[in-house]
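Chains A and B, in that order, are what the protein sequence lines are.
Under the numbering used here, the residues of the first sequence are numbered 1 to 116, in order.
Under the numbering used here, the residues of the second sequence are numbered 1001 to 1345, in order.
For each residue, glycine too, the CB sits at the ideal point set by N, CA and C.
Here the structure comes first, spelled out in structure tokens, and everything after it is commentary.
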Amino acid sequence: MNTKIFRKSDAILIAAVIVIAAACILIFKLSYSGSGDFALITVDGEEYAELPLSDDAELDIVSPCGINHLVIQSGEVYVSHADCPNQVCVNTGKISEEGELIVCLPHKVVITIESK
Amino acid sequence: MKKTISFTLAAVLIASLLCGCSPKEKRFQATYLDLFDTVTVIAGYERDKDTFDSNAAMIYRELSVYNQLFDIYNNYDGISNIKTVNDNAGIAPVKVDEKIIDLLEFSKAAYDLTSGQVNVAMGSVLRIWHEAREYGAEHPESAYLPDKAALFEASKHTDIQNIVTDRSAGTVFLPDSSMSIDVGAVGKGYAAQAICSSLKSEGISGYTVSIGGNVCTLGKKPDGTQWSVGVSDPEDASSPLLTLGVSDLSVVTSGSYQRFYTVDGAKYHHIIDPDTLYPSSQWLSVTVISPDSSLADVLSTALFNMDENTGRELIESLPDTEAMWIDADGNTDFSSGFEDFILKD
């Protein structure tokens, strides 16, 4: 009569389940993040540029109607100056999270935060 | 036997772990600049981008139909819209899509509800301001104010009863050649309401549609929490003045701080008081919460043109409707139930 309660095969099975569970948790955490990875700029609905939030940068967004000057600094994005009449884009301030956006309607510029 | 049981249990355990691992709904967003001359943002929670993209495209297509029908500045091939009606003022009735007749009948009811503070027949006055504003935006150095006499003359052609709709014939006629329809105060809310109620009846939940600050929400987020809708600080656009928690409700804000032009250092915005024929000056912004986006849009404009007592009386007389006012000094005031929606940090 073999009454061993705990066999080697049981240990292997338990270890395998733990490894799979840990892998699942890791995959899940990596695939879902709230903060974004890059700034997406479109002009009149067409993609104009994509800039990673991880690198500080500055860019002139040149549209047929004028210029919006974009700044990426410390993971935040903002329009420092623009030649549109009402400066709504400048007044919006800094964005850094998915879902936030800066719009310059006269220049048809939209800046959003996206993640891969 | 024991081996079978333990392997079965292990398989069930692993299967349930893997199911728990599959990504839950993620938030997606689409932005459009070519609807109702403003920014439209569609946001929704879906398991995959393809499903969201297809829903967003469908919403965009439906909103485009309303955008083209309600447009007063552009003609579209094969479509008779409100611009067509205006172009035929004093000439002939125009056969239009029933949606336009529905909107105009709604607008007449809105006129009565708001004692004339929302009047889609004010096109002749609004056109003068629109031209001055567009010119002033392009040429700030030579921006001008409309001629007072011209505004007064135009105001003689703003009787909403002179919009003649014939539902059985499917036509709209403006017998007065100097009259024109401008649905800027009601069009966004009306379209948003039409789309959101249609999506709701299809069982769609977990989406928001914002047309230039006219927000309708469908259900809640997948995790059961409410949507957070910010109310802008008119004097500091970089962070919201307050945030509202809503589900299945619309939040509509009328404000003076984005669409304006400047003459000799003074700002002139786009919400024209029917009584003075000049931009309303009491409020920087009015926000209305209501289950009906079209009503919320009407009320936000109406309250913008009314003093607080009159506006409050109107709001309190309507069920499930709340409002907040921000005056020119930045003071805020709320209707009796508005604060229940404010999210505390």
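Is it right to say residue i is buried, meaning 16 or more other beta carbons lie within 10 angstroms of its own, or is it exposed?
i, result
"Gly-1255/B", "buried"
"Asp-1077/B", "exposed"
"Thr-1321/B", "buried"
"Asp-1329/B", "exposed"
"Asn-1305/B", "buried"
"Thr-1158/B", "buried"
"Ser-1107/B", "buried"
"Glu-98/A", "buried"
"Gln-1117/B", "buried"
"Ile-1005/B", "exposed"
"Pro-1146/B", "buried"
"Asp-55/A", "exposed"
"Val-1125/B", "buried"
"Ser-33/A", "Because Ser-33/A carries a pLDDT of 49, less than 50, the predicted location of this residue cannot be relied on, and the following value inherits that uncertainty. Flag for Ser-33/A reads exposed."
"Asp-1276/B", "Reading off the sequence, residue 1276/B comes out as Thr, not Asp. Answer is exposed; the Cβ neighbour count stays below 16."
"Ile-12/A", "exposed"
"His-1269/B", "buried"
"Leu-1009/B", "exposed"
"Gln-73/A", "exposed"
"Ala-1323/B", "buried"
"Gly-1203/B", "exposed"
First and last residue of the alpha helix (DSSP H) that includes residue i?
i, result
"Asn-1309/B", "1308 to 1316"
"Val-1065/B", "1049 to 1070"
"Ala-1132/B", "1123 to 1138"
"Phe-1338/B", "Careful: Phe-1338/B lies outside any alpha helix (DSSP H) and carries neither H nor E."
"Tyr-1111/B", "1098 to 1113"
"Glu-47/A", "Taken as a continuous stretch (DSSP letters only), Glu-47/A belongs to no alpha helix (DSSP H), being part of the beta strand (DSSP E) at 46 to 52."
"Ala-969/B", "Outside the displayed range of chain B (1001 to 1345) lies residue 969/B, so it cannot be described from this structure."
"Thr-1084/B", "1082 to 1087"
Assuming the contact rule is C-beta atoms closer than 8 Å, residue i and residue j should be a hit. Round their C-beta distance to whole Å, please.
i, j, result
"Thr-112/A", "Thr-1084/B", "Incorrect: roughly 36 Å between the Cβ atoms, too far for contact."
"Val-1039/B", "Val-103/A", "5 Å"
"Arg-1259/B", "Ser-1180/B", "Between Ser-1180/B and Arg-1259/B the Cβ distance is about 19 Å, and since that is not below 8 Å, they are no contact."
"Ala-82/A", "Gly-66/A", "7 Å"
"Ser-1300/B", "Thr-1310/B", "Not a contact, Cβ separation roughly 15 Å."
"Val-110/A", "Leu-1013/B", "Incorrect: roughly 46 Å between the Cβ atoms, too far for contact."
"Ser-80/A", "His-107/A", "Between His-107/A and Ser-80/A the Cβ distance is about 15 Å, and since that is not below 8 Å, they are no contact."
"Phe-1173/B", "Val-1164/B", "4 Å"
"Cys-1282/B", "Asp-1223/B", "Before going on, a small fix: residue 1282/B reads as Gln here, not Cys. Not really, about 40 Å apart at Cβ, beyond 8 Å."
Given a cut-off of 8 Å on the beta-carbon distance, is the pair residue i and residue j in contact?
i, j, result
"Val-1120/B", "Val-1215/B", "no"
"Val-1352/B", "Val-1298/B", "Nothing can be reported for residue 1352/B: it is not among the residues displayed for chain B, which extend from 1001 to 1345."
"Gly-1206/B", "Tyr-1045/B", "yes"
"Tyr-1190/B", "Ser-1294/B", "yes"
"Val-88/A", "Tyr-78/A", "no"
"Glu-1339/B", "Trp-1325/B", "no"
"Ala-1011/B", "Gln-1029/B", "no"
"Gly-1213/B", "Thr-1171/B", "no"
"Ser-1238/B", "Asn-91/A", "yes"
"Ile-61/A", "Glu-76/A", "no"
"Glu-1313/B", "Ile-1195/B", "no"
"Ile-1271/B", "Tyr-1278/B", "no"
"Gly-1136/B", "Tyr-1261/B", "yes"
"Phe-1334/B", "Ile-1289/B", "no"
"Ala-1089/B", "Ser-1155/B", "no"
"Ile-1082/B", "Ile-1100/B", "yes"
"Asp-1292/B", "Ser-1250/B", "yes"
"Leu-1343/B", "Leu-1218/B", "no"
"Glu-114/A", "Asp-44/A", "no"
"Lys-1188/B", "Ile-1211/B", "yes"
"Leu-53/A", "Ala-39/A", "yes"
"Val-1209/B", "Gln-1226/B", "no"
"Leu-105/A", "Leu-1033/B", "yes"
"Val-1096/B", "Ser-1080/B", "yes"
"Pro-85/A", "Pro-1240/B", "no"
"Phe-1070/B", "Leu-1113/B", "no"
Over the uninterrupted beta strand (DSSP E) stretch that includes residue i, give me the two end residues.
i, result
"Ala-39/A", "38 to 43"
"Gln-73/A", "66 to 73"
"Gly-1170/B", "Where Gly-1170/B is concerned, there is no enclosing beta strand (DSSP E), given that its DSSP letter is neither H nor E."
"Ser-1201/B", "Where Ser-1201/B is concerned, there is no enclosing beta strand (DSSP E), although the alpha helix (DSSP H) it sits in stretches over 1187 to 1201."
"Cys-89/A", "Cys-89/A -> not in any beta strand (DSSP E); alpha helix (DSSP H) instead, spanning 88 to 91."
"Phe-1028/B", "1026 to 1035"
"Tyr-78/A", "76 to 82"
"Val-1120/B", "Premise fails: Val-1120/B is in no beta strand (DSSP E) and is neither H nor E."
"Leu-59/A", "57 to 63"
"Met-1324/B", "1322 to 1327"
Could you list which residues in chain E have their beta carbon closer than 7 Å to that of residue i, in chain order?
i, result
"Gln-1226/B", "Although the question refers to chain E, the structure presented lacks it and instead comprises the protein chains A and B."
Let me know the beta strand (DSSP E) ranges lying completely inside the region 1242 to 1320 of chain B, each 3 residues or longer, listed in chain order.
As summarised for the region 1242 to 1320 of chain B, the continuous beta strand (DSSP E) elements at least 3 residues long and confined to that stretch are 1250 to 1255, 1260 to 1263, 1266 to 1269 and 1283 to 1290, given in chain order.
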